[in-house]
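**Student:**
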Amino acid sequence: MENYSNDRQKFDEQRRKKAENFHLSISDEAFGQEQENTQPEEINSYSGQDVKEQIARESQKSLKKRKREQKRELKRRNKRNRRIFRVMWLVSILLIGTMIATYIVTGMNDLLAINRTDDSVISVTIPANPTLDSVTEILVKNGIINEGGYFKMFANMTKSSNEFAQGTYELRKNMDYQAILTNLAGKSSRTDTVEVTIIEGMSVIEIADKLVEEGALSDKQQFLDLCASDKFDNDFDFIKSISNPGDRYYKLEGYLYPDKYEFYHNDDPLSIIYKFLNNFESKLYEKQAFDGYEKLYSIHKMIEKTGTSYNLDQILTIASIIQAEAANKEDMYIISSILHNRLSADVDMGVSNLSLDSTKYYPYRTEKDLPATAGKNYKSKYDTYSLNGLPPGPICNPGNEAITAALLPEDTSYYYFCHDKDGQAYYASTIYEHEANLDLIK
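Its first residue numbered 1385, the sequence shown is counted upward by one per residue in my numbering.
#1: What is the DSSP secondary structure of I1626, counted as helix, strand or coil?
#2: Mind checking who R1556 pairs with in its DSSP beta bridge?
#3: Locate the beta strand (DSSP E) running through K1644, then write down its first and last residues.
#4: Tell me the rounded alpha-carbon separation between E1714 and F1801.
#5: Specify whether the region 1776-1795 and the region 1706-1713 touch according to this definition: at least 3 beta carbon pairs, one from each stretch, less than 8 angstroms apart.
#6: I'd like the span of the beta strand (DSSP E) that includes E1579, first residue to last.
#7: Between which two residues does the beta strand (DSSP E) holding Y1800 run?
#8: Is A1812 helix, strand or coil when you go by DSSP?
#9: Tell me whether the region 1523-1540 and the region 1497-1512 touch, counting them as touching only if at least three CB pairs, one residue from each stretch, are closer than 8 angstroms.
#10: Given a threshold of 16 other Cβ atoms within 10 Å of its Cβ, counted over all protein chains shown, does E1584 qualify as buried or as exposed?
#11: Within a Cβ cutoff of 6 angstroms, which residues of the same chain sit near C1611, ignoring the five residues on either side of it in sequence?
#12: So, at 6 angstroms on beta carbons, what are the nonlocal neighbours of E1426 in its own chain, with the 5 sequence-adjacent residues on each side left out?
#13: Once you ignore the five residues that flank A1703 on each side, which residues in its own chain have a CB closer than 6 angstroms to its CB?
#14: Have a look at N1421 and R1456 and give me their C-alpha separation to the nearest angstrom.
#15: Less than 8 angstroms separating the beta-carbons of A1592 and Q1550?
#16: Restricting to Cα atoms, I'd like to know which of L1754, Y1745 and N1712 is closest to A1809.
#17: What residues are listed by DSSP as bridge partners for G1734?
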């Protein structure tokens, strides 16, 4: 048994040694040939459909992978862009806020004239038909304001953008916006004034020509149209009470009181007429001394006091004829007597027609003053050679003395008058005396 065990160990030891000494000898050529023979068998173990499916699966996996990567990249970009946007938005808000705050502060300082300490006076000229833009440009150019945009915004907010008027104004550089607008709208600081003296006896047309000549009026036709209109009825009772406006050439004739006036250069026709009528109203109620009366009375009161049958408009009509026909103050009262005598005379006396040369071509002074459009057969509605009694209204604008004479005529028996070339007056009670006077002055 022991011999058997020893033999067994020897056998195992020999077999181990043989295994360690064993080397497999295979040539490279044989190895390569074997690979070539086995490779086609491995490829041929798959079908064409399996290859396509495998490629599709790999492509789909690759596409999904790319989409995931793109999504992650887009997310990263969006996150970065949002951060940039927030920064830019915050910077923009700060910039805009700063700009708005600066604009408001600067504008308010200019509005209140806080930084404009210079109190020097500047003369600025506003042109005809001014706009907010043109006025603002002038104010900025002359250093009256600094912030033109803020001034326009303030003018619009205060509804002052349409209240500017043509003219030359004196403004201080340290005026606030409200003071500037008030001065430009109220004309209180205008310096381009024109002094015009209206002489007694001038007609509406002659007054218009005078105003144009002196530079106070630029639109003559507008002035004349207003004088013929009902524009002033609601403001003045003495104009509203005129009963026959349709029969007149100019409704305001007789009411543009002769006096010395101050107008603005190229003034508004409406403003000019209001100044005339306000002055007339003042004179109408102004107390004064009248010959034969101890107390002071106004013209309005004297019409009541004398008990005359004529109203104010008729008195002015008589006064306008006196103003146009009389040679001097004394002559006024006698001519007034003649007019009153004729107007109250019986029809059979043959003096119903006043037959006054001053009315023949009205509203023009003489035949040579007729416009070319009047024609050779011009006939005035005021011609007292063909009318009975007074013409439809005044033929000129009489002064205070002529109005007084119309109220207080001399007591005479005259019905006729005439003047020589030197202004000497001749009066007559009968037609025969009058014809003799006419022969005398030839």
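Idealized CB from N, CA, C, for every residue including glycine.
**Tutor:** In short:
#1: As a position in the sequence shown, residue 1626 is number 242, starting the count at 1. I1626: coil per DSSP, three-state reduction.
#2: Position 172 of the sequence shown, counted from the start, is the residue given in the question as residue 1556. V1505.
#3: Here residue 1644 refers to the residue found at position 260 of the sequence shown. K1644 to Y1648 is the extent of the beta strand (DSSP E) around K1644.
#4: Here residue 1714 refers to the residue found at position 330 of the sequence shown. Here residue 1801 refers to the residue found at position 417 of the sequence shown. Answer to the nearest angstrom: the Cα atoms are 13 angstroms apart.
#5: yes
#6: One-based indexing of the sequence shown puts residue 1579 at position 195. Start and end: T1577 to T1581.
#7: Here residue 1800 corresponds to residue number 416 of the sequence shown, with the count starting at 1. Counting along the chain, the beta strand (DSSP E) containing Y1800 begins and ends at Y1800 to H1803.
#8: The residue given as residue 1812 occupies position 428 in the sequence shown. Strand.
#9: yes
#10: As a position in the sequence shown, residue 1584 is number 200, starting the count at 1. Flag for E1584 reads buried.
#11: The residue labelled residue 1611 in the question sits at position 227 within the sequence shown. The answer, listed in chain order, is V1588, Y1634 and L1636.
#12: Indexing the sequence shown from 1 puts residue 1426 at position 42. Because the pLDDT of E1426 is 48, which lies under 50, any placement of that residue in the model is unreliable, and the number read from its coordinates should be weighed accordingly. Contacts found: none.
#13: Here residue 1703 refers to the residue found at position 319 of the sequence shown. Sequence-distant Cβ neighbours of A1703 in its own chain, meaning closer than 6 angstroms and more than five residues away, are P1782, A1786, I1787 and A1790.
#14: As a first step, residue 1421 must be located in the sequence shown, where it is residue number 37. As a first step, residue 1456 must be located in the sequence shown, where it is residue number 72. Because N1421 carries a pLDDT of 49, less than 50, the predicted location of this residue cannot be relied on, and no value is offered for it.
#15: Here residue 1592 refers to the residue found at position 208 when the sequence shown is read from its first residue. Here residue 1550 refers to the residue found at position 166 when the sequence shown is read from its first residue. Cβ distance not < 8 angstroms, so A1592 and Q1550 don't count as in contact.
#16: Against the sequence shown, residue 1809 aligns to sequence position 425. By alpha-carbon distance to A1809, the top candidate from L1754, Y1745 and N1712 is N1712.
#17: By one-based count along the sequence shown, residue 1734 stands at place 350. Paired residues: none, contrary to the question.
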